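*Asks:* Have a look at this one.
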Amino acid sequence: MSRKLSRRDLLRGAGAFGAGALGLTAVGACGRGNTGNEIRLAAILSTTGINAGFGQGTWRGVQTAARLVNRRGGVHGQEGKRLTATLYDTQSKPEVAAAQTHKAIREGASAVIGCNQSAVALIVSQICERSSIPFVTSTDFDPELTARGFRYFFQTTPFLDVHAQQMLATCRDLGRKSGRPARRLGILCDDTVIGQSAKGILEDEGRKLGYEVVRSQVFPADANDFAPYIAKFKDADVQLLMGFQTPEPSIQIVKTMRQQRFEPLGFGGLLGGQVTNEYAKELGENADHTFSSTPWSADLDIPGMPAAMRAFERQWKEDVDSVRASGFASVAVLWQALEAAGSSSPEETRDALADIDIAAGDKGYIQLDGCRFDRRGYNVKATVAIKQSIGGEQFTVVPADYATSDREPVWPKPPWK
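Using our numbering, the letters of the sequence shown correspond one by one to residues 1 to 417.
Written out as structure tokens, the structure reads:
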């Protein structure tokens, strides 16, 4: 089992791996190398290790989005320069991410996209800040990321507390409407940086909304036996189980819930494994009635999204999910900024990012509800959709303004089959 790192450990690690550190680099379908006709983007993502399920999906979204930019004539205002996306695999390890970031900067990246892992994003964004390279994330949402006053950091996805508040409020309202309210809240998160933050925020938001937090736990990120955890939630008569987990643990948790016949009124997660294709594929009908929070859903009424989804599905022979959609969002804001800047200079790109104001659907931006950054680099337009899985599909419960399905959410969860 790997040692759990504190934030202090992580940030010290950012300086421990200099420009000469070694890393593994994979090159995407868009090509590699700098020429006078390309703008290079570095995708610093985990395509191996415990977060591989997240990183692989985001990387595919980045590649399809860059391909669409190039098919539409490249970056206008810069003589149609092509976007070239290059993958730098972090192996889900902060120390490897540091080495890969230095390598990407040495190799001429104009901007960095990452990281599907807040512990890694804390380090990568610090290196980018020191090197004056824009860093854009559409997946990382630990509160500390925007609390550091960085100029080159930009986060499109909502804060973690927005996810928690909207999720818990939606479940509260569904319970009241049905006459079967969930009052006893259980929380189960991994022990990563984001998991520990999610645990605290779910506790705080839960109490504010009137829940009794009866059990709150973290588990090692590489755990594979969840029987002891689920048994304790069952014994505590937990009525709503929420948390943050990566894809494989989220799948094993549901399998264990079914094996032990743990029957909460509702369960789900905050922008974790529950939003991935892998979760639905592996669990089949046992994924039904899962709630998840995400800035994207396939049934949202966003201009241009169906065409982007079709392009992705043709290229990869799989559906878009929230993780894959995040790759589109990161490329979209950089595309807009690069055109507005008229230059691939990192400083001018940063300034254009700071001034960006796009609606959902612009430049292939398919997250809610468009993008405009404040002084912290936080997207003040960001919001979340709460989804429920039914019959192998996920549909939007809220916000109603963007929902296209007339399907009613199911509450409480029926007994396991």
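Glycine included, each C-beta is placed from N, C-alpha and C at the ideal position.
Since we're looking at a predicted model, the values are computed, not measured.
For ALA43, which residues does DSSP report across the bridge?
*Replies:* In the sequence shown, counting from the first residue as 1, residue 43 sits at position 43. In the DSSP output, where bridge partners are listed per residue, ALA43 has LEU87 and ILE113.
*Asks:* Taking the alpha carbon of ASP369 as the point to measure from, which residue in ASN224, ASP362 and LYS381 has its own alpha carbon closest?
*Replies:* Numbered from 1 along the sequence shown, position 369 holds the residue referred to as residue 369. Nearest option by C-alpha distance: LYS381.
*Asks:* Is it buried or exposed for LYS281, if we count other Cβ within 10 angstroms and need 16 for buried?
*Replies:* Here residue 281 refers to the residue found at position 281 of the sequence shown. Exposed, because fewer than 16 other Cβ atoms sit within 10 Å of the Cβ of LYS281.
*Asks:* For GLU443, count neighbouring C-beta atoms within 10 Å of its own C-beta (all shown protein chains included) and say buried if the count is 16 or more, exposed if not.
*Replies:* Since the first residue shown for the chain is 1 and the last is 417, residue 443 is missing from the structure and cannot be characterised.
*Asks:* What residues in its chain sit with their C-beta under 6 Å from that of TRP335, if we drop five residues either side in the sequence?
*Replies:* Indexing the sequence shown from 1 puts residue 335 at position 335. Counting only Cβ-Cβ distances below 6 Å, and skipping sequence neighbours, we find VAL69 and LYS363.
*Asks:* Any idea if THR294 is buried or exposed, counting beta-carbon neighbours within 10 angstroms, 16 or more meaning buried?
*Replies:* By 1-based counting over the sequence shown, the position of residue 294 is 294. THR294 should be labelled buried.
*Asks:* VAL384 by DSSP, collapsed to three states: which one?
*Replies:* Locating residue 384 in the sequence shown gives position 384, where the first residue counts as 1. Reduced to three states, the DSSP call for VAL384 is coil.
*Asks:* Give the C-beta separation of LEU353 and PHE159 to the nearest angstrom, bearing in mind that I take them to be a contact with Cβ-Cβ under 8 Å.
*Replies:* Residue numbering aside, residue 353 sits at position 353 when the sequence shown is read from its first letter. Residue numbering aside, residue 159 sits at position 159 when the sequence shown is read from its first letter. Contact flag wrong, Cβ pair sits at about 18 Å.
*Asks:* Do the stretch 220-229 and the stretch 241-260 make contact, defined as three or more Cβ pairs closer than 8 Å?
*Replies:* Yes, the stretch 220-229 is in contact with the stretch 241-260.
*Asks:* Determine the DSSP secondary structure at ASP9, reduced to helix, strand or coil.
*Replies:* The count along the sequence shown starts at 1 and reaches residue 9 at position 9. Caution is warranted here: a pLDDT of 42 is assigned to ASP9, below 50, making its placement in the model unreliable, and the coordinate value is therefore given only provisionally. ASP9: helix per DSSP, three-state reduction.
*Asks:* Along the chain, where does the alpha helix (DSSP H) that runs through PHE54 open and close?
*Replies:* Along the sequence shown, one-based indexing puts residue 54 at 54. PHE54 -> alpha helix (DSSP H) spans 52-71.
*Asks:* Counting pairs of Cβ atoms below 8 Å between the stretch 177-186 and the stretch 206-218, do you hit three or more?
*Replies:* Contact between the stretch 177-186 and the stretch 206-218 is present, because at least three Cβ pairs lie under 8 Å.
*Asks:* Kindly indicate which three-state DSSP category THR294 falls into: helix, strand or coil?
*Replies:* Numbered from its first residue, the sequence shown carries residue 294 at position 294. Strand at THR294.
*Asks:* Please state the DSSP three-state secondary structure of LYS363.
*Replies:* For this step, residue 363 is matched to residue 363 along the sequence shown. Note: LYS363 maps to helix in three-state DSSP.
*Asks:* Whole angstroms is fine: what's the gap from PHE267's alpha carbon to LEU209's?
*Replies:* Position 267 of the sequence shown, counted from the start, is the residue given in the question as residue 267. Position 209 of the sequence shown, counted from the start, is the residue given in the question as residue 209. Rounded to whole angstroms, PHE267 to LEU209 spans 17 Å at the Cα level.
*Asks:* Tell me, please, which residues DSSP counts as bridged to GLY269.
*Replies:* Start at 1 with the first residue of the sequence shown, and residue 269 comes out as number 269. For GLY269, which the question treats as bridged, DSSP gives the partners SER292.
*Asks:* Counting beta carbon pairs with one atom in the stretch 332-349 and one in the stretch 286-300, are three or more of them shorter than 8 Å?
*Replies:* Contact between the stretch 286-300 and the stretch 332-349 is absent, because fewer than three Cβ pairs lie under 8 Å.
*Asks:* If you follow the beta strand (DSSP E) that ASP204 is part of, which residue opens it and which one closes it?
*Replies:* The residue given as residue 204 occupies position 204 in the sequence shown. Counting along the chain, ASP204 falls outside any beta strand (DSSP E), though it belongs to the alpha helix (DSSP H) covering 193-208.
*Asks:* Three-state secondary structure (DSSP) at THR246?
*Replies:* In the sequence shown, the residue the question calls residue 246 occupies position 246. Residue state, collapsed to three classes: coil.
*Asks:* I'd like the list of long-range same chain contacts for SER197, defined as Cβ closer than 7 Å, with 5 residues on each side in sequence excluded.
*Replies:* Residue mapping note: residue 197 aligns to position 197 of the sequence shown, counting from 1. Excluding residues within five positions, the ones whose Cβ falls inside 7 Å are ASP142, PRO143 and LEU160.
*Asks:* Check whether the stretch 301-311 touches the stretch 405-417, counting contact only when three or more Cβ pairs, one atom from each stretch, lie closer than 8 Å.
*Replies:* They do not touch, by the three-pair rule.
*Asks:* Within the chosen definition, does the stretch 325-332 reach the stretch 123-132 through at least 3 CB pairs nearer than 8 Å?
*Replies:* With the cut-off at 8 Å, the stretch 325-332 and the stretch 123-132 do not touch.
*Asks:* Please determine if the stretch 232-245 and the stretch 253-268 are in contact, where contact requires at least 3 C-beta pairs separated by less than 8 Å.
*Replies:* The stretch 232-245 vs the stretch 253-268: in contact.
*Asks:* Using only CA atoms, which one of ILE113, GLY36, THR146 and ALA164 lies nearest to ARG82?
*Replies:* Here the question's residue 82 lines up with position 82 in the sequence shown. Checking every option, the nearest Cα to that of ARG82 belongs to GLY36.
*Asks:* Does the separation of the CB atoms of GLY424 and LYS93 fall below 9 Å?
*Replies:* Given that the chain is displayed from residue 1 to residue 417, the structure contains no residue 424 and the question cannot be resolved.
*Asks:* Which of the three DSSP states, helix, strand or coil, is assigned to LYS413?
*Replies:* Counted from its first residue, the sequence shown places residue 413 at position 413. Coil.
*Asks:* Got a sec: is the Cβ-Cβ distance from ALA121 to anything in chain D below 9 Å?
*Replies:* Going by chain labels, chain D is absent from the structure shown, which holds only one protein chain.
*Asks:* Please classify ASP321 as buried or exposed, where buried requires at least 16 neighbouring CB atoms within 10 angstroms.
*Replies:* As a first step, residue 321 must be located in the sequence shown, where it is residue number 321. Result: buried.
*Asks:* Identify, in the order they occur along the chain, each residue of the same chain with its Cβ nearer than 8 Å to the Cβ of PRO145, setting aside the five sequence neighbours on each side.
*Replies:* Working through the sequence shown from its first residue, we reach residue 145 at position 145. First, the residue type needs correcting, since residue 145 is Leu and not Pro in the sequence shown. Once the five neighbours on either side are set aside, the close Cβ partners of LEU145 are SER118, ALA121, LEU122, SER125, THR137, PHE153 and GLN155.
*Asks:* Leaving aside the five residues before and after LEU22 along the sequence, list all residues of the same chain whose C-beta is less than 7 Å from its C-beta, in chain order.
*Replies:* One-based indexing of the sequence shown puts residue 22 at position 22. Caution applies to LEU22, whose pLDDT of 31 falls short of 50 and renders its modelled position unreliable; the model cannot decide the point.
*Asks:* Please report how far the alpha carbon of PHE373 lies from the alpha carbon of LEU188, in whole angstroms.
*Replies:* Residue mapping note: residue 373 aligns to position 373 of the sequence shown, counting from 1. Residue mapping note: residue 188 aligns to position 188 of the sequence shown, counting from 1. Going by the C-alpha atoms only, they are around 32 Å apart.
*Asks:* At which residues does the beta strand (DSSP E) containing VAL136 begin and terminate?
*Replies:* Working through the sequence shown from its first residue, we reach residue 136 at position 136. 135-137 is the extent of the beta strand (DSSP E) around VAL136.
*Asks:* Rounded to whole angstroms, how far is the Cβ of ILE356 from the Cβ of CYS371, which I believe are closer than 8 Å?
*Replies:* Here residue 356 corresponds to residue number 356 of the sequence shown, with the count starting at 1. Here residue 371 corresponds to residue number 371 of the sequence shown, with the count starting at 1. 6 Å between Cβ atoms; contact.
*Asks:* Looking at the unbroken beta strand (DSSP E) that takes in GLY186, where does it start and where does it end?
*Replies:* Position 186 of the sequence shown, counted from the first residue, corresponds to residue 186. Unbroken beta strand (DSSP E) run through GLY186: 184-190.
*Asks:* Are THR64 and PHE312 closer than 9 Å when you measure CB to CB?
*Replies:* On the sequence shown, residue 64 is found 64 positions in, with the first residue counted as 1. On the sequence shown, residue 312 is found 312 positions in, with the first residue counted as 1. Yes, the pair counts as a contact, with Cβ atoms nearer than the cut-off.
*Asks:* Would you report the Cα separation of THR170 and GLU107, rounded to the nearest angstrom?
*Replies:* Counted from its first residue, the sequence shown places residue 170 at position 170. Counted from its first residue, the sequence shown places residue 107 at position 107. Going by the C-alpha atoms only, they are around 46 Å apart.
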